[in-house]
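Working notes for the structure below.
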Amino acid sequence: MTPTITAFERSPDRGRGLARDMRVRWALEEVGQPYEVRLLSFQAMKQPAHLALQPFGQIPTYEEGDLALFESGAIVFHLAQRHTGLLPQEGNARARAIAWMFAAVTTVEPPILDLVIVKIVEGDKSWYEQRLPLVEGRIRQRLGELAARLGDADWLDGDFSAGDLMMVSVLLRVKPSGLLQEFPNLAAYVARGEARPAYQRAFAAQLAVFTAQSATPSPGALPR
Ligand code: GTB
């Protein structure tokens, strides 16, 4: 059965591949699983039909037969368990790859999201100038720690895994700030991820949505 995912009808990132459907598309491409996409307006995301799938009214979701999933990390993990290629077979290596998935979303992503919030939501607040360097400092600390662990390896723990897929996806979100480039081995790591054919196919697919939709007028709202 072909799974269906949800994505923004009009992504605020204007096709730059930063919304979280991208990591799910990438995982689907890595494992060679064809998929369909249901595009949602911001209004539709808050309607009961979508809230039944995603309690917070967000994208992405994943439907496959009787299974409905939300949370991009859980969806990528599900795909990695169901298919070969994204998690090692050997038990300990598999556990470590899963640990990197969690590290990406619970240790590295939070300060990066703080920066997004500071810049988008708090830019006009009196505390912005004081808060920005604090948030950037926390990101630098995490990136420095990650860079030290990665060293000159291609991937975080042996072959490319779902852990790398999630970590590269998270790091891409900090790339526009310039902070990633302060850590050349991390910048190269992200570039290796972006160069993967599966990433390229996923990126092209989400960009095609933006290109098609930008030909028609926007209704306006752009939440985070
Ligand atoms: N933890 C959930 C997951 O990983 O699936 C978080 C899902 C989530 O944050 N979804 C966002 C969403 O639906 C889209 S990806 N937001 C709408 C809402 O909450 O009403 C986050 C995102 C949004 C925009 C950009 N951008 O413009 O660059 C990048 C990432």
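Each residue of the sequence shown is one higher than the last, beginning at 75 in the working numbering.
Glycine included, each C-beta is placed from N, C-alpha and C at the ideal position.
Just so you know, these numbers come straight off a predicted model, no measurement behind them.
Is it buried or exposed for S200, if we count other Cβ within 10 angstroms and need 16 for buried?
As a working note, residue 200 is residue 126 in the sequence shown. Exposed is the call here.
Span separating the alpha-carbon of D231 from that of E164:
Along the sequence shown, one-based indexing puts residue 231 at 157. Along the sequence shown, one-based indexing puts residue 164 at 90. Here the alpha carbon of D231 sits roughly 13 angstroms from the alpha carbon of E164.
Round the Cβ separation of L161 and S235 to the nearest angstrom and send it over; I've been treating them as touching at under 8 angstroms.
Counting from 1 along the sequence shown, the entry for residue 161 is found at position 87. Counting from 1 along the sequence shown, the entry for residue 235 is found at position 161. With a Cβ gap of about 6 angstroms, L161 and S235 count as contacting.
R97 beta carbon less than 8 angstroms from that of R241:
The residue given as residue 241 occupies position 167 in the sequence shown. The residue given as residue 97 occupies position 23 in the sequence shown. A small correction: the amino acid at residue 241 is Met; Arg does not occupy that position in the sequence shown. Taking a C-beta distance under 8 angstroms as the contact criterion, M241 and R97 do not qualify as a contact pair.
Where does V195 fall in DSSP's three states?
Position 121 of the sequence shown, counted from the start, is the residue given in the question as residue 195. Helix at V195.
So, with DSSP's three-state summary, where would you put V248?
By one-based count along the sequence shown, residue 248 stands at place 174. Three-state DSSP puts V248 in coil, outside helix and strand.
Confirm, please, whether the CB-CB distance from Q280 to G89 is below 8 angstroms.
The residue you call residue 89 lines up with position 15 of the sequence shown. The residue you call residue 280 lines up with position 206 of the sequence shown. It is a contact, given that the beta carbons lie within the stated cut-off.
Spatial distance of R223 from L127 (CA atoms)
By one-based count along the sequence shown, residue 223 stands at place 149. By one-based count along the sequence shown, residue 127 stands at place 53. CA-to-CA, the gap between R223 and L127 works out to about 37 angstroms.
Can you grab the Cα-Cα spacing for the pair A262 / P122, in whole Å?
To locate residue 262, count along the sequence shown from 1; it is residue 188. To locate residue 122, count along the sequence shown from 1; it is residue 48. Between the alpha carbons of A262 and P122 lies a distance of about 43 angstroms.
Give a single yes or no on whether G252 has its beta carbon closer than 7 angstroms to a heavy atom of the ligand GTB.
On the sequence shown, residue 252 is found 178 positions in, with the first residue counted as 1. No, since every heavy atom of the ligand GTB falls outside the 7 angstroms radius drawn around the Cβ of G252.
Do P134 and I149 have their CB atoms nearer than 8 angstroms?
Looking up residue 134 in the sequence shown gives position 60. Looking up residue 149 in the sequence shown gives position 75. Their beta carbons are under 8 angstroms apart, which means P134 touches I149 by this criterion.
I133 beta carbon near the ligand GTB (any heavy atom closer than 7 angstroms):
By one-based count along the sequence shown, residue 133 stands at place 59. Yes, the Cβ of I133 comes within 7 angstroms of a heavy atom of the ligand GTB.
Backbone secondary structure at T285 - three-state DSSP:
Counted from its first residue, the sequence shown places residue 285 at position 211. Per DSSP, reduced to three states, the secondary structure at T285 is helical.
So is the beta-carbon of R168 under 7 angstroms away from any non-hydrogen atom of the ligand GTB?
Sequence index remark: in the sequence shown, residue 168 carries index 94 (1-based). When distances are taken from the beta-carbon of R168 to the heavy atoms of the ligand GTB, even the shortest one reaches 7 angstroms or more.
Would you kindly work out how many angstroms separate the C-alpha atoms of T254 and R112, rounded to a whole number?
Position 180 of the sequence shown, counted from the start, is the residue given in the question as residue 254. Position 38 of the sequence shown, counted from the start, is the residue given in the question as residue 112. Checking the sequence shown, residue 254 turns out to be Leu, not Thr. C-alpha separation (whole angstroms): 32 angstroms.
For L92, which three-state DSSP category applies?
Your numbering for residue 92 matches position 18 in the sequence shown. Coil at L92, not helix or strand.
DSSP three-state assignment for I213, whether helix, strand or coil:
Residue numbering aside, residue 213 sits at position 139 when the sequence shown is read from its first letter. In the structure shown, I213 sits in a helix (DSSP, three-state: H, G or I).
Does the distance between the C-beta of G147 and the nearest non-hydrogen atom of the ligand GTB fall short of 7 angstroms?
Walking along the sequence shown from the start, residue 147 turns up at place 73. Yes, Cβ of G147 sits closer than 7 angstroms to a heavy atom of the ligand GTB.
Residue environment, A77, which counts as buried when at least 16 other CB atoms sit within 10 Å
Against the sequence shown, residue 77 aligns to sequence position 3. For the record, residue 77 in the displayed sequence is Pro; it is not Ala. Here P77 is buried, its C-beta having at least 16 other C-beta atoms within 10 Å.
Residues bridged to R112 [DSSP beta-bridge criterion]
As a first step, residue 112 must be located in the sequence shown, where it is residue number 38. According to DSSP, R112 bridges with T80.
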